[in-house]
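The opening residue of the sequence shown carries number 128 in my numbering; numbering runs sequentially from there. Beta carbons are placed, not taken as given, at the ideal position from N, Cα and C, and that holds for glycine. Note that the structure is predicted; figures quoted are calculated from it, not measured.
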Amino acid sequence: MIPRRLVLSGAAACGMAAALPLRAADRPNPMPEELRAALERDPTAPVLGNPDGDITLSVFFDYNCPHCRKMVGPIQALIASDPALRVVYREWPVFGEGSDFAARASLASLETGKYWRFHAALMAMRGRAEETSVMRVARQTGLDPAALRRGMEAEPVTRHIALSFQLAEHMGLMGTPTFIAGDEAVFGEQSRADLAALVARGRRTLGLG
């Protein structure tokens, strides 16, 4: 899949590697702070890496997206190489009912402390994520299926998914996986080096280094 970059508050794609850091007032298309807060500070969103990191990489993904499944390793490698990076995961189930079921189940597992184990298992599974396969993986992960089903309809779960769709529509995202840092989004499968470059551009854009 060919990656595509875009400036989130503008229509045209462009390179974001400026020679000097730019303040929001100086950037041609700065992301509104209200949008950044909704994107990066939503309390329903799972977070990996440094929770107090100086920059946030937002990841929009779907469990039935084959390219998303391939990104587990590069994201983990990036986190290991950048101790100041905060990664926010946005469950964006765009591939139908099975994806919605998987997203709700994984978000419901947050309260159990087993989200990341469940998330990794869902990403590693063969075939489509759908009700039967998701619940099988849940049992293998040590989750209580009945409790998980109850949690799937909880308000924070529904709110997270609704906000993912609202954010994606507002920013004009193309699909999954999408990675956002600073004022820039990149769509499609990326290498660790690609993600590191995106984060570096984000830091320069925000005047962080």
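Can you round the beta-carbon distance between residue i and residue j to whole angstroms, since I take them to be within the 8 angstroms contact cut?
i           : j           : result
residue 233 : residue 189 : No, residue 233 and residue 189 are not in contact; Cβ-Cβ is about 11 angstroms, not under 8 angstroms.
residue 249 : residue 165 : Contact doesn't hold; Cβ gap of about 25 angstroms is too wide.
For residue i, which of the options has the nearest alpha-carbon?
i           : options               : result
residue 197 : 305, 336 and 325      : 305
residue 418 : 164, 160, 162 and 186 : One cannot answer for residue 418 here, as it falls past the ends of the chain, which runs 128 to 336.
residue 200 : 272, 333, 322 and 332 : 322
residue 210 : 269, 216, 241 and 178 : 178
residue 215 : 183, 224 and 206      : 183
residue 221 : 239, 302, 298 and 248 : 302
residue 175 : 158, 217 and 256      : 217
residue 276 : 309, 208 and 238      : 238
residue 219 : 212, 284 and 309      : 284
residue 329 : 310, 320, 319 and 241 : 310
residue 319 : 204, 288 and 245      : 204
residue 208 : 266, 324, 244 and 268 : 324
Per the DSSP calculation, residue i is bridged to which residue(s)?
i           : result
residue 182 : 212
residue 305 : 187 and 314
residue 240 : According to DSSP, which records beta bridges pairwise, residue 240 is partnered with nothing at all.
residue 176 : 213
residue 218 : 188
Please go through the same chain and pick out, in chain order, the residues whose beta-carbon is closer than 8 angstroms to the beta-carbon of residue i, but skip the five residues on each side of it.
i           : result
residue 223 : 191
residue 163 : none
residue 206 : 175, 176, 212 and 214
residue 272 : 262, 265 and 266
Going by beta carbon distance, what residues of the same chain come within less than 6 angstroms of residue i, once the five residues before and after it are set aside?
i           : result
residue 258 : 228
residue 359 : Nothing can be reported for residue 359, as the shown portion of the chain is limited to 128 through 336.
Going by beta carbon distance, what residues of the same chain come within less than 7 angstroms of residue i, once the five residues before and after it are set aside?
i           : result
residue 279 : 231, 232 and 235
residue 274 : none
Contact between the region 166-181 and the region 229-247 (3+ Cβ pairs under 8 angstroms) = Judged by Cβ distances under 8 angstroms, the region 166-181 makes contact with the region 229-247, as three or more pairs qualify.
Quick one: any contact between the region 238-258 and the region 289-301, if contact means 3 or more CB pairs under 8 angstroms?
-> Counting C-beta pairs with one atom in each stretch, the region 238-258 and the region 289-301 have fewer than three that are closer than 8 angstroms, which means they do not touch.
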